[in-house]
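As structure tokens, the structure follows; a few thoughts come after it.
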Amino acid sequence: MSDEDLEDFEPDLDDLEREDDEKETEEWEDYRKEGEDFLEEWMPTPLTEDMMKDALSLLCKTGNGLAHAYVKLEVKERDLTDIYLLRSYIHLRYVDVSENHLTDLSPLNYLTHLLWLKADGNLLHTARLNELPYLQIASFAYNKITDTEGISHPRLASLDLKGNHIRVVTGLDPQKLISLHTLELRGNQLDSTLGINLPKLKNLFLVAHWAQNMLKKVEGLENLRNLTTLHLRDNQIETLSGFSKEMKSLQYLNLRGNMVTDLRELAQLRDLPKLRALVLLDNPCTDENGYRQEALVQIAQLERLDKDFYDEEERADADEIRQRLKEEQEQEAEPEPEPEPEPEPESEQD
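Oh and the sequence shown: position 81 is 81 in full-length UniProt numbering, straight run, nothing missing.
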């Protein structure tokens, strides 16, 4: 994404965030209640051939070009507990099994042409699958997943794990996830950002909706050189250490609703060369006098703070303050001249 795209890109993020907040909260409550209701009361319901007849669509040529097969399946909200039948539907490319009662996705291991998978709102405890060579988009949101092991699809570009029970990120191998650019982990139980060492990553969402993620600092993200968007809203972050100049692509940073109290922490962000938009609303530091000006003094490349862009007058004032501070520091660094030695008194002669 170029710098020219930023102005259009960032408001879209904010609009999307505003629109999704209530929707996601409602979805979370629905999934939570459904999980409680169905935990012991649902009846075994396997996928059947009759269901398949109504759920298949998109007739395409098979891989060898000599035959045709339906490649899209949608069986959401069918109260399914078993998708064993899918083992024989090897030509499927798009599968939606969301909002069922599935605990096992292993039949999908046979779908080696799978491109797109949505398994939201089930009872899954893992997203583990065999390596699927063509899988590009996978969503396992609102399940009971506790870890990130067993995800190794080489063409996977977008992975959605929001609303699960993940405490620690492990097993995400950058040597295998060579195409992953978007990782969604909001609404889990994370207390650390360690384990997300994915240099190709561009968009990372660690928002703590529903008081889930409990991050207090940023760590282990120093080598995310392609990261452009980082969402850390509603965590408990107090310090902004953990950002480095190696994060040279980061343009949008959302820290809304955290615990940053000292404006001097913003100095930790001055080495992010492309940082253009910063959201700090609902942090204690925003109550300090001169908050908006101090942010621009510390981060000269900043174009927008919270919802408002800086104007030319604000930028000129910040430049002047920054220059004055630089001169004061240079003066303090200059060594003081050594005092001239006092002349020795003449000795008295007898």
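Even glycine gets a Cβ: it sits at the ideal position worked out from N, Cα and C.
Please read all numbers here as calculations on a predicted model, not as lab measurements.
Helix, strand or coil: how does DSSP classify Glu330 here? helix
For Ser57, list the residues DSSP reports as bridge partners. Lys72
Among the candidates Glu238, Glu246, Met247, Gly257, whose CA atom is the shortest distance from the CA of Leu266? Glu238
From the DSSP output, in three-state form, read off Ser252 for me. The amino acid occupying residue 252 in the given sequence is Tyr; Ser does not appear at that position. It is a strand residue.
One question on the structure: do Leu206 and Leu215 come within less than 8 Å of each other, judged by their Cβ atoms? Yes, they are a contact pair.
Counted within 10 angstroms of its Cβ, other Cβ atoms place Gly121 as buried (16 or more) or exposed: buried
When the Cα atoms are used, what is the spatial distance from Asp191 to Gln301? 30 Å
Can you check DSSP and say which residues form a bridge with Pro183? Before going on, a small fix: residue 183 reads as Leu here, not Pro. Within the DSSP bridge table, the entry for Leu183 names Leu159, Leu204 as partners.
Three or more beta-carbon pairs under 8 Å between the segment 83-95 and the segment 107-118, yes or no? yes
Assuming contact is defined by CB atoms lying nearer than 8 Å, are Ile196 and Leu172 in contact in what I supplied? Their beta carbons are under 8 Å apart, which means Ile196 touches Leu172 by this criterion.
Which residue wins for smallest C-alpha separation from Trp42, given the options Ala67, Leu183, Thr81? Check the Cα spacing between Trp42 and each of Ala67, Leu183, Thr81: the tightest is with Thr81.
Going by DSSP in three states, Arg304 sits in which element: helix, strand or coil? strand
Reduced DSSP category for Val97 - H, G, I as helix; E, B as strand; rest coil: coil
Proximity of Val179 and Pro199 at Cβ, strictly below 8 Å: Per the sequence shown, the amino acid found at residue 179 is Ser instead of Val. Not in contact: Ser179 and Pro199 (Cβ atoms no closer than 8 Å).
Boundaries (first-last residue) of the alpha helix (DSSP H) holding residue 360: Residue 360 lies beyond the stretch modelled for the chain, which goes from 1 to 350, so this question has no answer here.
Cα-Cα separation between His165 and Asn235, rounded to whole angstroms: 16 Å
Proximity to Gly257 [Cα-Cα], best of Pro284, Leu204, Asp308: Shortest Cα-Cα distance from Gly257 to any of Pro284, Leu204, Asp308 involves Pro284.
Touching or not, the segment 133-141 and the segment 70-87, by the rule of three or more beta carbon pairs under 8 Å? no
Go ahead and pull the three-state DSSP assignment for Ile321. Looking at Ile321 - three-state DSSP - the assignment turns out to be helix.
Pull the bridge partners of Phe140 from the DSSP assignment, please. Partner(s): none; Phe140 has no beta bridge.
Bounding residues of the alpha helix (DSSP H) (the contiguous stretch that carries Leu111): Here Leu111 belongs to no alpha helix (DSSP H), and DSSP marks it neither H nor E.
C-beta contact flag for Ser249 and Leu269 at 8 Å: no
For Leu98, count neighbouring Cβ atoms within 10 angstroms of its own Cβ and tell me buried if that reaches 16, exposed if not. The residue asked about is misnamed: residue 98 is Ser in this sequence, not Leu. When all chains shown are included, Ser98 counts as buried.
Once DSSP output is grouped into helix, strand and coil, what is the label at Ala295? In this structure, Ala295 counts as helix in the three-state DSSP scheme.
For the candidate residues Leu156, Asn188, Leu183, Glu131, whose alpha-carbon lies nearest to that of Asn143? Asn188
Could you spell out the range, first to last residue, of the beta strand (DSSP E) harbouring Val279? Start and end: 277-279.
Rounded to a whole number of angstroms, what is the C-alpha to C-alpha distance between Glu74 and Ser57? 8 Å
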